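Note that the sequence shown covers residues -30 to -1, 1 to 388 in mature numbering (1 follows the signal peptide of the UniProt record, and there is no 0).
These notes concern the structure reproduced below.
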Amino acid sequence: MRISRIDVSNVTAAVALALVVAGSALPASAAVDRPRVEADFRVWVERQLKPAAAKAGVSAATFEAAMSGVTLDWTLPDLAPPGAPKLEGPQRQAEFSDPAKYVAEPNFAALTAEGQAELKKHRATFDAVEKRFGVPREIVAAIWGRESRFGRAKIPYVAVRALATEAFIGARKERFFGELVAALKVLDGDHVALGDMKSSWAGAMGQPQFLPSKYLENAVDMDGDGKRDIWNSVPDVLGSIANYMKRHGWVSGRPWGVEIDLPASVSCTVEGPDQAKAAAEWPKLGAMAKGGAALPKAGDYNLMAPAGRTGPQFLVSKNFYVIKEYNESDLYALFVGHLADRMRGGGPILGKWSTPKGMTRAEVAAMQERLEKQGHDVGSADGLVGFRTRVAVGRWEESKGRAPTCFPDAGDVRDVGR
C-alpha cells in the first residue's frame, strides 16, 4: 500500500509484480561491489537496525532469529547501491498518462464474477464482518479482489528480507526503515513464522497487502483462533480490511459516489473535497445521475473528475476518500467503488474518455512547479496528480481565456503555467 504504485489494472498482481521486477531490477553491468555492500549491510544491521528494534520493544531472540544470515535481495526493483546508475524513478502515472486504461471495462469482468462467487461462498463471514464493522461487504470484497485477486495472486517475497534490502540500498530507503522495524514487531508480537510472512517487493503483506505498520494498527483475529493471519485466514483478511475502513472513518449507510452529467456551465475547477456541497445543492447546478441511478439525498458530496472534462465525472462522499486512504490514488478509489457496485449488479462507467496521453511524470512535476510559482496550489510538485493539480490546470486555462478542461493536453503540457 502506497509505497508501491504498481498498476495491476490489466493483469493479476503476480504477473504485474514479475513484470516490474524483470524491468526494474539492478542491471547486471552496474559497477557495484556486492561483497562490500553486503559487509556494510551486516554492520548496518548491528549498529542501526538492532538498536532501533530494541527501542521498539522487539526481543533480542526475535531479532536474531529474523536477521541472522539475512542477505540483500539483488533482484528487487528500485535499488540504488553505491556504484549503480542513478534511478530516474517512475516516468508515467495512470492519472495523467492514461486514466481510461486503469478503469477500462475489461478490467472489471473477471473480478466482478469472482467477487460475486466469493460473496456467496463466504456469506456467513461477510455477514459477521458487515455487522461488526458497518462496512458494506461489496466494498470489502472489492478491496480484497483489487489487492490480491481474492487471495489467488502469489505473494513471493519474505517481508523482512525485502524490507531490509529496500531500507539499506533502496532508492527511497527512508520510507522502508520504519516498516522493517514494524515487521520485526509483527514477528515478535504475533508469532508469525518468518518464512510465512510473505509480502510484495515493497513489503505489503498478505492478501490485504498491509504494510507492517498498517498490520499492527488494523489486523484483527476474526476467526477467533488467537492469530491475526492475513495470509491464510479469509475471516481475518476480510475483518482486517473492514477494520481498516472503519478506523479511517467509513460512514455506514452512505454510498461512495455516483456517476453524473454536469452542465458545461459548471466549471471543472469546483472539484475536490474542500469544495463539497450538500447533496441538495447539486441538482440546482444541473447535476444529473447517469444510467438511471439516483443522486444522493443526504450528506455532503463533491465533484471528482479524474480526467477533468476529458473523462467521466462523479459526485463522491467522504467514503470515497476513506477508500483512497487504502491506496493514495483517485483511480484506485474509483476502481474499488465501481467494482463494488458491479458486484451488486450495477452497470459500467458510461462517460466517455478522450484523455490525452503521453505525459511523463517529470513533465508533470515541472508543470506543477510552474503553477506553484504562479500561486496555484497543486498539493505537491511530485509529478503525481490529484484534484488540486487538476483544479490548478483548470484555473490556469481560465486565466488564458480557454474553456477549462482541468487536464493538460500532451502537446501543451510544457506550456501550462508559463
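Note that beta-carbon positions come from the ideal geometry of N, C-alpha and C, so glycine has one too.
Computed from a predicted structure; not experimentally measured.
Can you name the residues that DSSP bridges to residue i?
i, result
"Met175", "Ser169, Phe180"
"Asn272", "Val286"
"Asp231", "Met258"
"Gly140", "Leu49"
"Glu241", "Leu273"
"Val128", "Lys168"
"Ala248", "Asp270"
Taking just the CA atoms, how far does residue j sit from residue i?
i, j, result
"Ala174", "Gly353", "23 Å"
"Arg358", "Gln338", "10 Å"
"Val130", "Ala137", "10 Å"
"Gln311", "Ser38", "According to the sequence displayed, residue 311 carries Asp and not Gln. If I take the Cα positions, the gap works out to 48 Å."
"Val105", "Gly307", "12 Å"
"Pro126", "Ser170", "7 Å"
"Ala22", "Ala87", "45 Å"
"Ile211", "Asp379", "38 Å"
"residue 397", "Asp10", "The question about residue 397 has no answer, for the chain in this structure spans -30 to 388."
"Arg279", "Thr41", "50 Å"
"Val7", "Lys143", "15 Å"
"Val240", "Ser222", "26 Å"
"Asp43", "Gly121", "25 Å"
"Asp385", "Glu149", "40 Å"
"Val156", "Thr45", "25 Å"
"Gln344", "Glu367", "13 Å"
"Arg388", "Glu100", "51 Å"
"Gly115", "Leu81", "7 Å"
"Gly53", "Lys25", "33 Å"
"Gln179", "Arg12", "28 Å"
"Gly27", "Arg119", "35 Å"
"Asp347", "Ala336", "14 Å"
"Gly317", "Phe147", "43 Å"
Checking 8 Å against the spacing of the C-beta atoms, do residue i and residue j come in under that value?
i, j, result
"Pro69", "Gly349", "no"
"Ala123", "Gly85", "no"
"Ala263", "Val228", "yes"
"Ala50", "Ala141", "yes"
"Pro276", "Asp300", "yes"
"Trp226", "Asn272", "no"
"Phe305", "Val110", "no"
"Asp166", "Trp201", "yes"
"Met274", "Val292", "no"
"Phe96", "Lys216", "no"
"Ala35", "Leu164", "yes"
"Asp160", "Lys197", "yes"
"Val361", "Gly256", "no"
"Gln177", "Glu108", "no"
"Ser183", "Pro374", "no"
"Ala249", "Leu265", "yes"
"Lys260", "Asp231", "yes"
For residue i, count the other beta carbons within 10 Å of its own beta carbon; 16 or more makes it buried, fewer makes it exposed. Which is it?
i, result
"Gln18", "exposed"
"Asp3", "exposed"
"His92", "buried"
"Ser369", "exposed"
"Tyr302", "buried"
"Val151", "buried"
"Ala189", "buried"
"Ala153", "buried"
"Asp48", "buried"
"Leu181", "buried"
"Gln61", "In this predicted model, Gln61 has a pLDDT of only 47, less than 50, meaning its place in the structure is not dependable; the value taken from the coordinates is given anyway. With fewer than 16 other Cβ atoms within 10 Å, it is exposed."
Considering only residues of the same chain and omitting the five flanking positions on each side of residue i, which have a CB-CB separation below 7 Å?
i, result
"Lys20", "Phe33"
"Asp193", "Ser203, Pro205, Asp206"
"Asp199", "Asp206"
"Gly(-8)", "With a pLDDT of 39 at Gly(-8), under the threshold of 50, the predicted position of this residue should be treated as unreliable, though the coordinate-derived value follows. Here the set comprises nothing."
"Ile139", "Val7, Leu42, Leu49, Ala50, Pro51"
Does residue i come within less than 8 Å of chain D when only Cβ atoms are used?
i, result
"Gly227", "Absent from the structure is chain D; it holds one protein chain and no more."
What residues in its chain sit with their C-beta under 6 Å from that of residue i, if we drop five residues either side in the sequence?
i, result
"residue 429", "Only positions -30 to 388 of the chain appear in this structure, which leaves residue 429 out of reach."
"Phe284", "Gly227, Glu229, Met274"
"His218", "Val292, Glu295"
"Gly364", "Cys238, Thr239, Pro374, Cys376"
"Arg224", "Gly269, Ser287, Asn289"
"Tyr214", "Asn188"
Short of 8 Å in beta carbon distance, which residues of its chain neighbour residue i, apart from the five on each side in sequence? Order them along the chain.
i, result
"Thr325", "Asp68, Pro69, Ala70, Ala277, Thr280, Gly281, Phe377"
"Val195", "In the sequence under discussion, the amino acid at residue 195 is Asp, which differs from the Val named in the question. Cβ within range, chain order: Ser203."
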